[in-house]
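Heads up, the sequence shown is in our numbering, so the first residue is 448 and it goes up one at a time.
I have placed the structure first, in the form of structure tokens, so that the comments after it can refer back to it.
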Amino acid sequence: MRKKIGTIFIPGLESLLDSKIIHEDSILTEIQSWAESESIPMLSPVSSYLMASLVRWLGVKSYIELGTGAGYSLLGLGIRSNRILNIATVDRNLNQSEKVEAFWKQAKMKFNHTITFYRMNILDGMREAKYYPEDYEMVFVDCDKITYPNLLDELLQRSRTKRSVIKYILFDNVLWHGRILNEEANKPSDKAMQVFWKKIEELDLIKTILPSGDGMLLLEL
Ligand SMILES: C[S@@+](CC[C@H](N)C(=O)[O-])C[C@H]1O[C@@H](n2cnc3c(N)ncnc32)[C@H](O)[C@@H]1O
């Protein structure tokens with residue numbers, strides 16, 4: 448997620464790196480302009496590229512994104528994929544999600560991926576069995592930080608069921624604009640990220656921190 452409130456990079460470096468990312472389809476530039484003009488947070492271009500590369504390198508065949516946002520990471524993945532993917536994406540913002548669906552239909556992609564747009568609250572939707580994140584090999588989490596601790600618990604619990612095919616969970620914003628350094632930070636989102644990190648520390652899993660954008664964390668299950 449890109450926020451003007453802070454970056455872990457020295458001034459100018461993150462935007463320089465982002466400017467090196469080539470948009471293979473002008474729709475990504477269109478989405479970026481739309482996101483900037485309407486202040487819709489989106490994954491940084493470098494992180495979006497990295498996420499799509501991870502999906503390719505890890506041979507992931509199915510992917511669910513929790514937090515569709517402007518659709519920047521979603522469209523980037525669809526365009527950069529080297530195989531047909533089964534994709535789902537969840538967001539509670541109906542208008543935004545409908546616009547992303549229209550972008551998806553316009554994009555020039557090598558493959559006809561299958562895609563489902565769920566329009567609902569992420570945690571409530573899965574708890575009410577409106578969708579099943581455990582049906583996807585990679586779960587990418589890019590939603591409100593207050594939800595992160597409960598979402599982590601819920602996803603781990605589901606990953607232990609027989610039905611689950613989850614292999615990877617990828618979280619964005621794990622560095623929280625550097626605010627995780629400040630133990631006194633006490634906004635609800637700060638406290639949620641402190642709880643999230645405590646839970647992560649206690650997890651006996653392979654955890655890779657990717658210091659790209661606002662920091663991503665890859666859990667291998
Ligand atoms: C940071 S944006 C996602 C950016 C997206 N990955 C991109 O690159 O365009 C977060 C999105 O998650 C949605 N969101 C946040 N918390 C949510 C929740 N608890 N349930 C459903 N949607 C949520 C917001 O509406 C917002 O569109």
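All residues carry an ideal CB built from backbone N, CA and C; glycine is no exception.
Owing to the predicted nature of the structure, the values given are computational and were not obtained by experimental measurement.
Open item on the list: With a threshold of 8 Å (Cβ to nearest heavy atom), would leucine 570 be considered close to ligand 1?
Closed with: The count along the sequence shown starts at 1 and reaches residue 570 at position 123. Correct: leucine 570 has its Cβ closer than 8 Å to ligand 1.
- [ ] Could you check if proline 492 is buried or exposed, using at least 16 other CB atoms within 10 Å of its CB as the buried criterion?
- [x] Within the sequence shown, the letter at position 45 stands for residue 492. Proline 492 comes out buried.
Task: CB of isoleucine 474 within 9 Å of CB of isoleucine 526, strictly - done: Residue numbering aside, residue 474 sits at position 27 when the sequence shown is read from its first letter. Residue numbering aside, residue 526 sits at position 79 when the sequence shown is read from its first letter. Yes, they are a contact pair.
Task: Closer than 8 Å: glutamine 543 CB and nearest ligand 1 heavy atom - done: For the purposes of this step, residue 543 is taken as residue 96 along the sequence shown, with counting starting at 1. For ligand 1, at least one heavy atom lies less than 8 Å from the Cβ of glutamine 543.
Task: threonine 655 - partner residues in DSSP beta bridges - done: Walking along the sequence shown from the start, residue 655 turns up at place 208. According to DSSP, threonine 655 bridges with Leu665.
Task: threonine 561 to threonine 476 span [Cα, whole Å] - done: Along the sequence shown, read from residue 1 onward, the residue named residue 561 stands at position 114. Along the sequence shown, read from residue 1 onward, the residue named residue 476 stands at position 29. Spanning the two alpha carbons is a distance of roughly 23 Å.
TODO: Assign asparagine 533 to one of three DSSP states: helix, strand, or coil.
DONE: By one-based count along the sequence shown, residue 533 stands at place 86. DSSP places asparagine 533 in strand when its eight states are reduced to three.
TODO: Starting from valine 588, trace the beta strand (DSSP E) both ways and give me its first and last residue.
DONE: Here residue 588 refers to the residue found at position 141 when the sequence shown is read from its first residue. Its beta strand (DSSP E) spans residues 585–588.
Open item on the list: Is glutamate 548 close to ligand 1? I mean its beta-carbon at under 8 Å from any heavy atom of the ligand.
Closed with: Position 101 of the sequence shown, counted from the start, is the residue given in the question as residue 548. Flag unset: Cβ of glutamate 548 not near ligand 1.
Open item on the list: With distance defined between alpha-carbon atoms, name the residue in Tyr579, Val588, Gln553 nearest to serine 606.
Closed with: Taking the first residue of the sequence shown as 1, we reach residue 606 at position 159. Among Tyr579, Val588, Gln553, the Cα nearest to that of serine 606 is on Tyr579.
Task: Buried or exposed by the 16-neighbour rule on C-beta atoms within 10 Å, applied to methionine 448 - done: Position 1 of the sequence shown holds residue 448. Residue placement at methionine 448 is flagged as unreliable, the pLDDT there being 47, under the threshold of 50; the coordinate-derived value follows with that caveat. Buried is the call here.
TODO: Write down every uninterrupted run of the alpha helix (DSSP H) in the region 466–518 whose length is 4 residues or greater and which is fully enclosed by it, in chain order.
DONE: 473–484, 492–504
TODO: Express the C-alpha separation of leucine 541 and leucine 524 in angstroms, rounding to a whole number.
DONE: What you label residue 524 is simply residue 77 of the sequence shown in a count that begins at 1. What you label residue 541 is simply residue 94 of the sequence shown in a count that begins at 1. Whole-angstrom Cα-Cα distance: 21 Å.
Task: Where isoleucine 562 falls: helix, strand or coil (DSSP) - done: Taking the first residue of the sequence shown as position 1, residue 562 is located at position 115. The answer is strand: DSSP assigns isoleucine 562 an E or B state.
Open item on the list: From the DSSP secondary-structure annotation, give me the bridge partner or partners of leucine 617.
Closed with: The sequence position of residue 617 within the sequence shown is 170, counting from 1. For leucine 617, which the question treats as bridged, DSSP gives the partners Phe587, Leu665.
Task: 8 Å CB neighbourhood of aspartate 600 in its chain, flanking five on each side removed - done: Translated into the one-based positions of the sequence shown, residue 600 becomes position 153. Excluding sequence neighbours, aspartate 600 sits near Lys646.
Open item on the list: Whole angstroms are fine: how far does the CA of asparagine 629 sit from the CA of tryptophan 551?
Closed with: Your numbering for residue 551 matches position 104 in the sequence shown. Your numbering for residue 629 matches position 182 in the sequence shown. Rounded to whole angstroms, tryptophan 551 to asparagine 629 spans 39 Å at the Cα level.
TODO: Report whether the distance from the Cβ of aspartate 619 to the nearest heavy atom of ligand 1 is below 8 Å.
DONE: Walking along the sequence shown from the start, residue 619 turns up at place 172. Result yes, Cβ under 8 Å from ligand 1.
- [ ] Using beta-carbon positions only, say whether leucine 513 and aspartate 589 come within less than 9 Å of one another.
- [x] Counted from its first residue, the sequence shown places residue 513 at position 66. Counted from its first residue, the sequence shown places residue 589 at position 142. Closer than 9 Å, so yes.
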